[in-house]
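According to our numbering, the sequence shown is numbered sequentially starting from 38.
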Amino acid sequence: MKFQKDNTFVSGRLKSVTYAIKGAIKLITTEHSIMVQFSIGIALTFAGFYFGISRTEWLFQTLAIGLVLSIEGLNTAVEKVADFIHPNYHERIGFIKDIAAGAVLFAAITAIIIGLIIYIPKFI
């Protein structure tokens, strides 16, 4: 089957959105780290409603959740490509995968700090 690019604006964008939704569903349903982070995001959304966080707090919380999920998705893509290119262990591939995982760690630490700034005052 030959790939044909859809050059029409509307249907091309709709196809792109469809592929993006399929990718997001694949991430959420197949990758355990995304499942955990997505669940934490849902729990924090409920916590936001429960504690009545401000509009600014919602903005930061939403940004933090989106950041972690996005970076984790990119990390997963890097890992999948690396495993496809070199299925056996290779030191350079391991280095690349470690760097991608480190990016997720930075995003997660940032999200944790944002969460603490928002929710610690609610408990004090």
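No residue lacks a Cβ here, since even glycine has one placed at the ideal position from N, Cα and C.
Self-check item: Residue from E109, I154, A144 whose Cα sits closest to the Cα of K63
Solution: Distance check between K63 and each of E109, I154, A144 places E109 closest, using alpha-carbon atoms only.
Exercise. Pair every Cβ in the segment 77 to 92 with every Cβ in the segment 110 to 130, then say whether three or more of these pairs are closer than 8 angstroms.
Key: No, because fewer than three Cβ pairs between the segment 77 to 92 and the segment 110 to 130 fall closer than 8 angstroms, the two stretches do not touch.
Quiz item: Under a three-way DSSP split, which group does I34 fall into?
Solution: In the structure as shown, the chain starts at 38 and stops at 161, and residue 34 therefore has no counterpart that could be examined.
Quiz item: Quick one: is V73 buried, meaning 16 or more other Cβ sit within 10 Å of its Cβ, or exposed?
Solution: Exposed, since its Cβ has fewer than 16 Cβ neighbours within 10 Å.
Exercise. Report the three-state DSSP secondary structure of T45 (helix, strand or coil).
Key: Three-state DSSP puts T45 in coil, outside helix and strand.
Exercise. Grab the span of the alpha helix (DSSP H) containing I146 for me, first residue to last.
Key: First-last of the alpha helix (DSSP H) with I146: 128 to 160.
Quiz prompt | Cβ neighbour criterion (16 or more within 10 Å) applied to F132 | solution = A residue is called buried when at least 16 other Cβ atoms come within 10 angstroms of its Cβ; F132 does not meet this threshold and is exposed.
Practice problem: Could you have a look at E68 and say whether DSSP puts it in helix, strand or coil? | Solution: E68 falls in the coil class under three-state DSSP.
Self-check item: Residue from L81, I58, T66, A57 with nearest C-alpha to L153
Solution: Across the set L81, I58, T66, A57, the C-alpha of L81 shows the shortest separation from the C-alpha of L153.
Quiz item: With C-beta atoms as the reference, is I151 less than 9 angstroms away from L100?
Solution: A contact, by the Cβ cut-off of 9 angstroms.
Quiz item: Taking all protein chains shown into account, do 16 or more other C-beta atoms lie within 10 angstroms of the C-beta of A137, making it buried, or fewer, making it exposed?
Solution: Per the 10 Å Cβ criterion, buried.
Self-check item: C-alpha distance - G60 paired with S76, whole-angstrom precision
Solution: Rounded to the nearest whole angstrom, the CA to CA distance from G60 to S76 is 17 angstroms.
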